[in-house]
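Protein chains in written order, with this note's numbering: chain A, -11 to 112; chain B, 8 to 721.
What follows is a single structure, written as structure tokens, with notes after it.
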Amino acid sequence: MTKRVLIVDDEPNIVAALEFLLQKNGYEVKVAANGEAALAQLDAFEPDLVLLDVMMPKVSGYEVCQRMRGEPRWRHIKIVMLSAKGREVEVSKGMSLGADLYVTKPFSSVELVATLDKLLASAA
Amino acid sequence: MTPGAKLALWAAALFAGGIAVPVATGMAVVAALAPPDREIVLRVIGERAPLLVFGALALLALCGAVARWFVAAYVAPARALAERTRIARAAADAAPVTSGGAAELAQLAAEIDRLAEEKRRLRGESDARVRESLARLEEERNRLAALMSELVEGVLVCNAEGRILLYNERARALFAEPQRTAATTPVGLGRSIFSLIDRDQVVHAIEKLEQARRGGATAPRTRFVAPAGAGRVVKFEAAPYARGGGEMGGIIFTLSDVTGLLEGEAQRLSVLQSIAAGARAPVANIRAAAENLARYPDMEADRQRRFVEIIDAESQALSRSIQGALQAYGDALKASLALEDMRALDLLRVAAGRLRSLVGVDVACDDVDEALWLPVDSFAFVQALGFLAERLKSDYRVRALRLAARARGRFAELDMAWGGAIVAHDALTLWESEPMRFGAQESPLTLRDVLERHGAEAWLHREGPAGARDACLRFLLPASAPLEQGARSLSAIESRPEYYDFDLFAQGGASRDLRARALHELAYTVFDTETTGLEPSAGDEIISIGAVRVINARLLKGEVYEQLVDPQRPLGADSARVHGIDARALAGQPAIAQVLPAFHKFCEDTVLIAHNAAFDMRFLELKERAAGVRFEQPVLDTLLLSAVAHPALEDHRLEAIAERLGVPVIGRHTALGDALLAGEVFLRLLVQLRERGIVTLGQALDASRETYYARLRY
Chain A
-11 MTKRVLIVDD EPNIVAALEF LLQKNGYEVK VAANGEAALA QLDAFEPDLV LLDVMMPKVS
49 GYEVCQRMRG EPRWRHIKIV MLSAKGREVE VSKGMSLGAD LYVTKPFSSV ELVATLDKLL
109 ASAA
Chain B
8 MTPGAKLALW AAALFAGGIA VPVATGMAVV AALAPPDREI VLRVIGERAP LLVFGALALL
68 ALCGAVARWF VAAYVAPARA LAERTRIARA AADAAPVTSG GAAELAQLAA EIDRLAEEKR
128 RLRGESDARV RESLARLEEE RNRLAALMSE LVEGVLVCNA EGRILLYNER ARALFAEPQR
188 TAATTPVGLG RSIFSLIDRD QVVHAIEKLE QARRGGATAP RTRFVAPAGA GRVVKFEAAP
248 YARGGGEMGG IIFTLSDVTG LLEGEAQRLS VLQSIAAGAR APVANIRAAA ENLARYPDME
308 ADRQRRFVEI IDAESQALSR SIQGALQAYG DALKASLALE DMRALDLLRV AAGRLRSLVG
368 VDVACDDVDE ALWLPVDSFA FVQALGFLAE RLKSDYRVRA LRLAARARGR FAELDMAWGG
428 AIVAHDALTL WESEPMRFGA QESPLTLRDV LERHGAEAWL HREGPAGARD ACLRFLLPAS
488 APLEQGARSL SAIESRPEYY DFDLFAQGGA SRDLRARALH ELAYTVFDTE TTGLEPSAGD
548 EIISIGAVRV INARLLKGEV YEQLVDPQRP LGADSARVHG IDARALAGQP AIAQVLPAFH
608 KFCEDTVLIA HNAAFDMRFL ELKERAAGVR FEQPVLDTLL LSAVAHPALE DHRLEAIAER
668 LGVPVIGRHT ALGDALLAGE VFLRLLVQLR ERGIVTLGQA LDASRETYYA RLRY
């Protein structure tokens, strides 16, 4: 069965690259340009994994993550946080809020896909 | 006993003695005779009675004469001698002691006189010695004060209890607040260092020093950074000084302002962070796009173009952000470049030495403003002067130069002048862009770089009419801030000696009962207020407060407080006649509730003194609640103290006391002027009180209370 990934990022340039790559790797991909849109799409799209940018206007990635973990029906969804903030405190904050992985920019997109594969395989 | 009575007594005694012996002998003889013989003898005596009475009178006269001679020759001269000896003892230049009367007394007088002479000589010698060592002390004190005020660093010395024994103007300026009403304690002698620096920080420093000393360090040091006045950040270097027995006597703090340095450091850090953070996102975008392109070479043309565009746009954005960050870093670098404050005189002397030895020109350096300080990179600047001197010498055969410097507003004008050679107008423009070379040194910098680094400009300046043969290269560069110049000014030295008091070393501190402490070793704040009127309870208000500190019986004219206060009510029509303050001067001044906390800080740990203190204290007390402070320290009143010292006199107005005690009355009827006068008066009253046996604060307070009630009763 095809796994579904929701990309949440307000930067179209990274979204374009990730969307293309994940589709090429056989994922069904949807994009949300901000935190509110992401939360609105969760129930309809039922993703297996959310790629979540931390720095977004209005509702930040941290907040989206926190809300998802506070909602029982979303708890099984994997969360991978992407961030240009790479300090140790920020990584720990993401992990304590319930992210499964915290990836700092820049990263290798190929490695990222490999990591996502592994993460979803372990869940299955 | 009067001399007359004494004379009569001596005469009577002699007479009684002279007459008693023959009478008693006669009576004994008569009593031993047989009755018939006794009758014959008594009859014979009776017949000769007039003769016997005459004999007795003659004896009386003789006794009187003898007694008179004795008193005149011995008793009276002895009294006079005692009186003259007393005078000779008291006064240094008394007349020689002599005596009339008997020869023995004259000899005694001569001996006393020799003794007095000897004592006078000894006293003269010891006076001279005292004067000599006082002069030496004064000289050393001035030398120390000069040294302290010359230091660019602030210096604070405190004893083991944290009381400040010494500070310099720079240290005071570092802690100064721009607003007088800010409730922070100013730097002052005898004040606690803990009101300036966090107690824990000082204690920690002391512990570290103790530890280092126990560990065998010969010159232990420790440093820390702490906030000072007006948002400044100050680096403290602490070193202990030893008292006898190797025990720690106190700490010497050296202070330097690192506010700018820290700002530079913070700016560098933030630049680094912004480069790091700003680069992450664009690099991520580029990398993802590039990896897609590399991995899927056969993707649709549309998509391929889209990824190439992304890479192009993101890499341009990245370049811009790095460029911007580097620019900001460059600005930070420029600002923090090693420009240090240096005296223009020292800079030019160093330059002169280098020009003589490396370029081989004659250099005079005679017209330099000694008070002028410059922020310079002295190495680069001297190099620039050397380079120019070399070009002048090789291109124009200039062999003698004069260096001069003077202040021009916020700037300093530095001239390198010569006579004789006419230098082309565009020469400097050419030199500015060459790499600087002089002697064997070659610098990667150009003259223009050096000028920019200093925010300076240079041009060829001709003295007098165009074409005159006297010319100079003139540099205009920013001078150091005037505050610091004031702090270093040589002329200020005379007023500086108040900045230290080593007698505070010995002071036992506040642990001893205040009442038992000697008046002359206490710290005082002498203050005065000017008010809108005489009735605080009827709404009269304070319009100005002036105060001065007294430490170890010294009036510290450098540690004063002066503040005008907005009374927030109209001034009485005639009150300006008393204090000369009109409503315009008070507009915009803080209200009493804001002023009192600062004044309270100024007075902390001191005994208050005022003339007719009850009046001023009443005004303060009525405002204590609104200002949230309490003046709980003991209060002395110069009016009452004067009444204690001179109970027989009636007039105890401040001017009257001042006149009696020889204090010149100037600057009256300003709060500070009156406080200074009351301070001088108090110091003189201290001496008079000591003569009356009033030595401690407790005694002074008790005596004041007694005289207060005594005055009430009249």
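Note that CB positions come from ideal geometry on N, CA and C, so glycine has one too.
Owing to the predicted nature of the structure, the values given are computational and were not obtained by experimental measurement.
Let's test the definition: count the other Cβ atoms within 10 Å of the Cβ of residue i and tell me whether it reaches 16, buried, or not, exposed.
i              : result
P193 (chain B) : buried
P45 (chain A)  : exposed
E99 (chain A)  : exposed
F61 (chain B)  : exposed
K66 (chain A)  : buried
T539 (chain B) : buried
K73 (chain A)  : buried
P304 (chain B) : exposed
Y248 (chain B) : exposed
W425 (chain B) : buried
Given a cut-off of 8 Å, decide if residue j and residue i are closer than it, judged by their beta-carbon atoms.
i              : j              : result
F394 (chain B) : R460 (chain B) : no
L410 (chain B) : A358 (chain B) : yes
K13 (chain B)  : V73 (chain B)  : no
A486 (chain B) : L352 (chain B) : no
V614 (chain B) : Y531 (chain B) : yes
C53 (chain A)  : L37 (chain A)  : no
I171 (chain B) : L181 (chain B) : no
I317 (chain B) : A286 (chain B) : no
D644 (chain B) : A617 (chain B) : yes
P574 (chain B) : E542 (chain B) : no
V533 (chain B) : F689 (chain B) : yes
V42 (chain A)  : S84 (chain A)  : no
K630 (chain B) : A600 (chain B) : yes
G446 (chain B) : L365 (chain B) : yes
A20 (chain A)  : Q29 (chain A)  : yes
L421 (chain B) : A412 (chain B) : yes
S97 (chain A)  : A25 (chain A)  : no
A465 (chain B) : R481 (chain B) : yes
S48 (chain A)  : G23 (chain A)  : yes
L521 (chain B) : L276 (chain B) : no
E662 (chain B) : V672 (chain B) : yes
E217 (chain B) : M255 (chain B) : yes
V210 (chain B) : I200 (chain B) : no
A332 (chain B) : S281 (chain B) : yes
Do you know offhand how far residue i's Cα is from residue j's?
i              : j               : result
V91 (chain A)  : L104 (chain A)  : 11 Å
L27 (chain A)  : L(-6) (chain A) : 10 Å
S401 (chain B) : E449 (chain B)  : 16 Å
I429 (chain B) : A407 (chain B)  : 14 Å
M306 (chain B) : V3 (chain A)    : 17 Å
M349 (chain B) : S544 (chain B)  : 57 Å
V702 (chain B) : E628 (chain B)  : 29 Å
A32 (chain A)  : K18 (chain A)   : 11 Å
L526 (chain B) : E184 (chain B)  : 32 Å
L563 (chain B) : D369 (chain B)  : 49 Å
L300 (chain B) : F314 (chain B)  : 7 Å
A68 (chain B)  : R127 (chain B)  : 47 Å
A590 (chain B) : Q570 (chain B)  : 15 Å
E34 (chain A)  : R(-8) (chain A) : 7 Å
F77 (chain B)  : E132 (chain B)  : 42 Å
S80 (chain A)  : R63 (chain A)   : 19 Å
Is residue i a contact residue of the ligand NAD, with contact defined as CB to any heavy atom under 7 Å?
i              : result
F445 (chain B) : By its list of ligands, the structure shown contains no ligand whatsoever, and the ligand NAD lies outside what it can speak to.
Is there contact between the region 542 to 552 of chain B and the region 598 to 614 of chain B, where contact requires at least three CB pairs shorter than 8 Å? yes
Which of the residues in the region -8 to 7 of chain A, read from start to end, lie with their CB under 8 Å from any CB of chain B? The residues in question are E(-1), N1, I2, A4, A5, L6.
Stretch-stretch touch, CB-based, cutoff 8 Å, three pairs: the region 49 to 57 of chain B with the region 81 to 95 of chain B: no
Anything in the region 281 to 295 of chain B with a Cβ closer than 7 Å to a Cβ of chain A? List those residues in chain order, please. A284, R287, A288, V290, A291, N292, R294, A295
If the cut-off is 8 Å on Cβ atoms, which residues from the region 304 to 321 of chain B count as contacting chain A, listed in chain order? Using a CB distance below 8 Å, the part of the region 304 to 321 of chain B facing chain A consists of M306, R310, R313, F314, I317, A320, E321, ordered along the chain.
Within 9 Å of chain B by C-beta, residues of the region 77 to 94 of chain A in sequence order: Answer in chain order: T92, K93, P94.
Below 8 Å, can you find three or more Cβ-Cβ pairs linking the region 99 to 119 of chain B to the region 39 to 47 of chain B? no
Could you name the residues of the region 40 to 74 of chain A whose beta carbon sits closer than 9 Å to any beta carbon of chain B, in the order they occur along the chain? M43, L70, S71, A72, K73, G74
Under 7 Å, CB to CB, which of the residues in the region 626 to 637 of chain B have a partner in chain A? none
Below 8 Å between beta carbons is the criterion; list the residues of the region 8 to 20 of chain A that meet it against any residue of chain B, in chain order. Against chain B - using a Cβ distance shorter than 8 Å - the residues of the region 8 to 20 of chain A are F8, L9, K12.
Positions along the region 148 to 166 of chain B whose CB lies within less than 7 Å of some CB in chain A: none
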